[in-house]
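Just so we're aligned, residue -12 is where the sequence shown starts under the numbering used here, counting upward by one. Glycine included, every Cβ here is placed at the ideal spot set by N, Cα and C. Before any comments, here is the structure.
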Amino acid sequence: MYAEKASASLKEVVDGIQTIAGSARKMKEISIEQADSMDQVEQTAERIAEVVQNNSVAAEETSATSEELTAQATTLSGMVSVFKLRE
């Protein structure tokens, strides 16, 4: 009788340990998935930062080109203004 109770108790303990081990495995798998997801998020954020930086450089270059074209247009307008068309 005591042996049967001890055996049943040990079986419950083993079942509990197996349940806990299964839960621990699931938590490990989920943690690995979360780490992978975080790596992907980090890589995407780095790519976005790079694109933003490239866009900023392009915008600065476009602005400088625009200023240069405006100056050239002003110079050309002054040069052309000396000519008058006959009517």
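Cα-Cα separation, residue i to residue j
i: L72; j: S64; result: 15 Å
i: K(-2); j: I7; result: 14 Å
i: A36; j: K15; result: 31 Å
i: S50; j: I19; result: 46 Å
Alpha helix (DSSP H) segment containing residue i, residue limits
i: L63; result: -11 to 67
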